[in-house]
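All remarks here apply to the structure that follows.
Protein chains in written order, with this note's numbering: chain A, 5 to 281; chain B, 8 to 227.
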């Protein structure tokens, strides 16, 4: 068996080992890599930057815990930008599997850093089943759909919600999602109620949303960990996404190398076997 | 009767929601539409409860019959109720109840469920690398095109790859990829898919409202 045949039939555990090493090395020996800013990420930052201070926005945690690595840095960076501009934040989630918990934990953690008070500067509405009815119903009255917040406090007792009745009082929407809920936010809340919005999503989902960028329905887009890293740089708070780019760089390069190696070994192996036949 | 009532309910619900879209909350039709949306969230809440009942019945039955993997099914049942029961109890009784910070539910979510789900998803990187090595072959012109495009996009989306692409100063490859691949060819294809799916969803909704489509009742 030639070296090319051996390479083609390489045990998959060697591939796993290479991936593991590529992920671990950058965390042991951190590298500083220049990260360029795409126009889509710049547009996210600029849109929020242009919002008037003290306006009210919605930050939607529509992602599962499985995609925390990509989505959570986006939500944290967004809260940095919102709270530093004294923007009031209403969070909610259409994901029953931990969405409201992630919204609660992250928003409270960020609120402590900026001395923000619950009920006055931010509110977590939590989760309510059937996102189409939720998004559509909030257009008439948020309180109809969410009579209480995530902790069970009636909205009528929260100062921020007294002045926020429906989408007319929402200046902007930031959707962080790893699934198709962004499609509904854009088709219901943006198209029907005219709320300007941006979306932060996983690298796998990002290509789909270029259609909404081109139509002007999304003011900006953050795609995957790279998008999150760009946004962290823009808000001046480098954190997990910037750190993770080194590992992601090495794994991407490894996969490209493996694909090239696999093709070279495949074609040389095939040519040799045709030659012997 | 078993068919007529659900078809009538679907027809009236669909019709009211479609018509109420054109009226605001000052009109009785707009208010009726809003009321139906509130009902929808309540009905959807009950479907979650139905899911819990169903998973409990299926797993409990497997445990009783000691089917293969029944020990894991016990773990599933324990996990469901260990998270669900403390989360629905009132935090007024104990700070460990409810879903707030410091509750049992929060602890289980933060330190068990969240890391486990992230780990499961992260293992995909290993399988993707292995699958790419074994299956991603330039066997045809289409496959070669896909391979070259995917390679360039993967390079562009990471700093090391972008550095490499910028080694060719006479051509701005990252700009070309973003503008013509992602914002051009990709966007056009995605737009086609989105419009196609929306038309499909609209026609399916219309079939349900008019009672032509009855598979949701278990009928062909």
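Note that beta-carbon positions come from the ideal geometry of N, C-alpha and C, so glycine has one too.
Min CB distance residue i to chain B below 7 angstroms
i	result
residue 78/A	no
residue 134/A	yes
residue 266/A	yes
residue 201/A	no
residue 169/A	no
residue 81/A	no
residue 256/A	yes
residue 62/A	no
residue 144/A	yes
residue 252/A	yes
residue 115/A	no
residue 212/A	yes
residue 220/A	no
residue 141/A	yes
Neighbourhood of residue i by C-beta distance below 7 angstroms, restricted to the same chain and skipping five residues each side
i	result
residue 90/A	57 and 58
residue 26/B	36
residue 120/A	87 and 126
residue 254/A	26, 29 and 30
residue 160/B	184 and 188
Close Cβ partners of residue i (< 6 angstroms) along its chain, the five nearest in sequence each way excluded
i	result
residue 192/A	139 and 140
residue 176/A	55, 61 and 200
residue 190/A	216 and 221
residue 50/A	none
residue 328/A	Outside the modelled stretch of chain A, which goes from 5 to 281, sits residue 328/A, for which no answer is possible.
residue 194/A	201 and 221
Endpoints, beta strand (DSSP E) assigned at residue i
i	result
residue 180/A	176-181
residue 189/B	Looking at the DSSP string, residue 189/B is not in any beta strand (DSSP E), and its letter there is neither H nor E.
residue 140/B	That residue, residue 140/B, is in no beta strand (DSSP E); its alpha helix (DSSP H) goes 131-142.
residue 65/A	60-66
residue 97/A	92-97
residue 201/A	201-205
residue 1/A	Given that chain A is displayed from residue 5 to residue 281, the structure contains no residue 1/A and the question cannot be resolved.
Opening and closing residue of the alpha helix (DSSP H) in which residue i lies
i	result
residue 215/B	194-216
residue 36/A	Counting along the chain, residue 36/A falls outside any alpha helix (DSSP H), and DSSP gives it neither H nor E.
residue 48/B	35-71
residue 231/A	228-239
residue 146/A	146-149
Cβ separation of residue i and residue j, assumed to be a contact under 8 angstroms, to the nearest whole Å
i	j	result
residue 21/B	residue 216/B	4 angstroms
residue 123/A	residue 164/B	Actually they are not in contact, since the Cβ atoms of residue 123/A and residue 164/B sit about 40 angstroms apart, beyond 8 angstroms.
residue 205/A	residue 218/A	Rounded, the Cβ-Cβ distance is 16 angstroms, inconsistent with contact.
residue 235/A	residue 48/A	6 angstroms
residue 70/A	residue 128/B	4 angstroms
residue 144/B	residue 267/A	6 angstroms
residue 32/A	residue 250/A	About 11 angstroms; that fails the 8 angstroms criterion.
residue 81/A	residue 232/A	7 angstroms
residue 19/A	residue 225/A	Not quite, the Cβ-Cβ distance comes to about 32 angstroms (not below 8 angstroms), so this is no contact.
Min CB distance residue i to chain A below 7 angstroms
i	result
residue 21/B	no
residue 176/B	no
residue 165/B	yes
residue 52/B	yes
residue 223/B	no
residue 8/B	no
residue 169/B	yes
residue 140/B	yes
residue 158/B	yes
residue 90/B	no
residue 99/B	no
residue 72/B	no
residue 144/B	yes
Residues near residue i by beta carbon distance below 8 angstroms, same chain, minus five either side
i	result
residue 144/A	170
residue 38/B	32
residue 116/B	90
residue 22/A	258 and 262
residue 113/B	106 and 107
Proximity test, residue i beta-carbon vs the ligand GTP heavy atom, cut-off 6 angstroms
i	result
residue 188/A	As for the ligand GTP, it is missing from this structure, which has no ligand bound.
Within-7 angstroms CB hit, residue i to chain D
i	result
residue 125/B	In the displayed structure, chain D is absent; the protein chains listed are A and B.
Practice prompt. Taking a Cβ distance cut-off of 7 angstroms, strictly less, list which residues of the segment 182-216 of chain B are near chain A, in chain order.
Written response: Close to chain A, meaning a Cβ-Cβ distance shorter than 7 angstroms, are the following residues of the segment 182-216 of chain B: 185, 189, 190, 193, 194, 197, 198 and 201.
Worksheet item: If you measure beta-carbon to beta-carbon, which residues of the segment 34-49 of chain B are closer than 9 angstroms to chain A?
Response: Within the segment 34-49 of chain B, the residues whose Cβ lies closer than 9 angstroms to some Cβ of chain A are 37, 38, 40, 41, 42, 43, 44, 45, 46, 47, 48 and 49, listed in chain order.
Worksheet item: Which residues, in order along the segment 147-158 of chain A, keep a beta-carbon less than 8 angstroms from a beta-carbon of chain B?
Response: Within the segment 147-158 of chain A, the residues whose Cβ lies closer than 8 angstroms to some Cβ of chain B are 148, 149, 154, 155 and 156, listed in chain order.
Fill in: Under 9 angstroms (Cβ pairs) to chain B, residues found in the segment 101-112 of chain A
Considering only beta carbons, the part of the segment 101-112 of chain A lying closer than 9 angstroms to chain B consists of 101, 102, 104, 105, 106, 108, 109 and 112, in chain order.
Discussion item. Please identify, using Cβ separations under 7 angstroms, the residues of the segment 13-34 of chain A that lie next to chain B, in order along the chain.
Written reply: If the cut-off is 7 angstroms between Cβ atoms, the segment 13-34 of chain A has 16, 19, 20 and 23 near chain B.
Item to complete: Taking a Cβ distance cut-off of 9 angstroms, strictly less, list which residues of the segment 100-119 of chain B are near chain A, in chain order.
Response: Listed in chain order, the positions of the segment 100-119 of chain B with a beta carbon within less than 9 angstroms of a beta carbon of chain A are 105, 106, 107, 108, 112, 113, 116 and 117.
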